[in-house]
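If you're matching positions, the sequence shown starts at 37 in the working numbering and goes up one per residue.
We put the beta carbon where it would ideally sit given N, CA and C, even for glycine.
Bear in mind that the values here come from a model prediction, so they are computed numbers and not experimental data.
Below is one structure; the comments refer to it alone.
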Amino acid sequence: MNKKIIVAIVIAVLVGAGIGAGVTYVSIHKPVVKPEVKPRVTVYREYNGMYFPYALKVTFYKNNESKNYGFPSNWPVTSYNTTHETVFTTTNKLLNKGVSWNIPIINYAGGNAIPLNVTDSNLPAAHNIGNKSALTTMTQYMGEPLGVTLSNNLVYVEEDTGPGSIFALNPSNGSIVWYATGLASQAMNNPIVYHGIVYVTVGDTGFSFAQIEHALHNESNKVRRGLTYGAIYAFNATDGKLLWMNFTTGETMPSPAVHDGIIAYADGGGQFIGLNATTGKVLWSDHFGGFFDNMGSVTYYVLPNGTTEFIAGYTFVGAPHGLIIAVNGTNGRVLWKTSMKKPYVPYDTGMGDVPLAVDPETGMIYQSAIANYNSTSGRVDTVTMAINAVNGSVVWETNIGRGYVPPAFKGGIPLIYHNMVYTGDQSTGSLVALYANNGTIAWSLRLPDVHLPPKSPGGPRGSPVYYNGVLFVGADSYIYAINATTGSLINKYYIGGRFGIVNPVIAGNTMFLTNSYGWVTALPLTEIDPGI
């Protein structure tokens with residue numbers, strides 16, 4: 037086993053990115069929380085005779101329930117749909133006007149919200165491990181790595197602080213409707229919602245020393261990711277009642293995908309598993325030895341014959357380091373496998389980090405991840421690729437930038453909108469627009485004040501969102517507004533803290549954001565772009 041592969045394992049332990057510094061965003065106010073005098077508290081210690089490592093406590097404040105927002109009833113994949121567009125109409129007058137609140141949600145989970153104006157050198161362990169590592173470690177073990185979920189008249193958000201937790205909030209004022217603490221490990225993604233059920237997967241970024249030994253002894257097919265527990269939970273979407281849970285073989289950091297009554301997840305043990313979405317019963321199971329899914333959440337595509345295929349990205353310790361696998365959603369049979377093609381060679385965890393975007397109209401899959409590592413310069417290419425969803429053939433690949441290897445999450449989550457693909461290159465701090473049919477770059481914008489590798493994590497990593505001709509994307513401590521046609525910068529709006537893999541979510545004239553510092557924020561779009 038060469039040093040390069042060993043280093044790849046160590047680097048793969050990191051998952052989040054972003055940066056934060058400056059002054060506090062003062063126009064956001066703390067919400068008025070209206071808890072009941074006696075909320076309903078339920079403690080679960082086991083399910084079907086299998087005991088939990090922590091007491092799972094669900095607290096429900098019935099008086100804070102919210103109604104008549106017109107949000108979607110289902111949120112089947114990370115970033116809502118397979119294209120990753122997260123803009124919604126709403127019947128709520130307050131959201132249409134634009135609400136403003138900011139809550140330290142991490143504090144309710146036993147964590148410690150970091151003030152949004154704290155300098156990097158004052159972050160946890162920064163004096164010991166350095167500012168860059170302190171930033172990425174925060175995304176792994178505290179705060180919220182990805183954005184919120186809007187469904188069933190609620191804002192759902194997962195909290196990373198161990199043990200993990202999930203919150204359901206009133207969209208108008210941020211009041212807690214219900215929350216569950218004591219999950220088996222970190223909760224790092226978007227909650228998935230389907231037919232009144234909220235699904236949460238949990239897992240951690242680590243590898244035990246036994247996994248390092250497997251790699252050193254050329255036993256890559258035995259490597260498994262996850263130091264603690266992995267699990268998938270199903271909660272009642274309205275009040276948080278636990279419906280069922282299953283432990284998993286390795287970490288389950290990525291979100292599952294649900295379609296047509298089947299929920300599929302991928303984990304750090306090389307498993308790709310389909311469950312009955314209502315009962316949690318295993319319907320099919322695949323195992324790919326030595327492969328592990330990092331943050332590459334599962335997605336799906338409905339084939340021309342009506343069959344659903346579930347698709348996930350995996351990382352392998354050795355070459356080729358990355359593989360995308362599609363399976364039949366009914367029986368789990370492998371339909372195809374693919375990777376980058378020459379002259380590109382995937383590197384490190386990238387292809388297992390980045391959730392795939394799927395265009396249901398054209399049957400094309402898009403991913404953006406790092407490749408072509410140069411050990412002398414420490415630089416990589418960021419490559420956006422298009423894949424035929426029917427047979428897995430690579431249609432085109434485009435190098436969108438070259439820079440130093442980013443720490444942790446190694447790619448940019450794509451957005452598909454109006455025959456364009458928009459994705460971030462965290463090595464160069466750029467947002468890039470490509471024509472979806474051929475991969476030609478339409479424009480590339482270097483985002484100001486995004487601090488780059490090798491000294492900083494870089495960005496953006498989370499997918500942008502398209503609203504009335506404007507792209508909004510989070511990176512570093514800012515939300516950027518960009519003309520979607522020309523790529524020109526409209527505004528750079530300071531929030532504070534840092535955005536790891538966060539995707540903005542919009543309802544009416546209100547944007548919802550999470551933050552690695554442990555805050556959930558709502559603010560009017562007109563504060564970011566007065567001309568919207």
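Boundaries cannot be given for Gln462, as no alpha helix (DSSP H) includes it and DSSP labels it neither H nor E. Here Lys446 is buried: its Cβ has 16 or more other Cβ atoms, across all protein chains shown, within 10 Å.
When only Cα atoms are considered, Ile423 and Gln176 end up about 30 Å apart.
For the 8 Å CB-CB criterion, Ile202 and Ala216 form a contact. Ser244: not part of any alpha helix (DSSP H); DSSP gives it neither H nor E. Between the region 206 to 221 and the region 92 to 105 there are three or more C-beta pairs closer than 8 Å, enough to call the two in contact.
Ser187: member of the beta strand (DSSP E) spanning Thr185 to Ser187, first to last residue. Counting C-beta pairs with one atom in each stretch, the region 226 to 246 and the region 131 to 142 have fewer than three that are closer than 8 Å, which means they do not touch. For Thr476, no beta strand (DSSP E) encloses it, and the DSSP letter there is neither H nor E.
Within the same chain, Cβ atoms closer than 6 Å to the Cβ of Tyr116 are found at Thr122, the five residues on either side in sequence being excluded. For Lys373, the enclosing beta strand (DSSP E) has its first and last residue at Val370 to Thr374. The beta-carbon distance between Gly304 and Trp320, rounded to whole angstroms, is 19 Å. This is too long to meet the 8 Å contact definition. Contact fails between the region 158 to 171 and the region 104 to 118, because fewer than three Cβ pairs, one in each stretch, are under 8 Å apart.
For the pair Met174 and Ser552, the CB atoms are nearer than the 8 Å cut-off. Taking 3 residues as the shortest admissible run, the region 308 to 361 contains the following complete beta strand (DSSP E) segments, listed from N- to C-terminal end: 318 to 323, 335 to 338 and 344 to 352. Counting only the Cα atoms, His454 lies some 27 Å from Ala407. Straight across, the Cα-Cα distance linking Val506 with Glu180 is about 25 Å.
Collapsing the DSSP output to three states places His163 in a helix. Looking at the DSSP output, Ile449 bridges to nothing. Counting other Cβ atoms within 10 Å of its Cβ, Val334 reaches 16 or more and is therefore classed as buried. The Cβ-Cβ distance between Thr197 and Gly146 falls below 8 Å.
When rounded, the separation of the alpha-carbon atoms in Phe508 and Thr418 is 21 Å. When secondary structure is reduced to three states using DSSP, Ser109 falls in the coil class, being assigned neither helix nor strand. Of the residues Met400, Ala267 and Arg369, the one whose Cα lies closest to the Cα of Thr343 is Arg369. By a beta-carbon distance limit of 8 Å, Leu182 does not contact Leu171. Their separation comes to about 16 Å. In this structure, Leu481 places its C-beta atom within 8 Å of the C-beta atom of Leu525.
Judged by DSSP in its simplified three-state form, Lys129 adopts helix.
A straight line joining the alpha-carbon of Pro292 with that of Gly460 spans about 23 Å. Looking at the DSSP output, Thr237 sits in a beta bridge with Ile268.
Sequence-distant partners of Ser404 (beyond 5 residues in either direction) whose C-beta falls short of 8 Å from its own C-beta, in its chain, are Val390, Thr418, Val419, Thr420, Met421, Ile436, Gly447, Gly448, Ile449, Pro450, Thr459, Gly460 and Asp461. Of the other Cβ atoms in all chains shown, 16 or more fall within 10 Å of the Cβ of Tyr380; this residue is therefore buried.
Looking at the DSSP output, His295 sits in a beta bridge with Ile298. Cβ contact annotation for Tyr80 (same chain, cutoff 6 Å, sequence separation greater than five): Leu92 and Leu278, in chain order. In the structure shown, Thr562 adopts helical secondary structure according to DSSP, grouped into three states. In the DSSP annotation of this structure, the continuous segment of the alpha helix (DSSP H) that includes Gly388 starts and ends at Gly386 to Asp389. Bounds of the beta strand (DSSP E) holding Tyr503 are Val501 to Tyr503.
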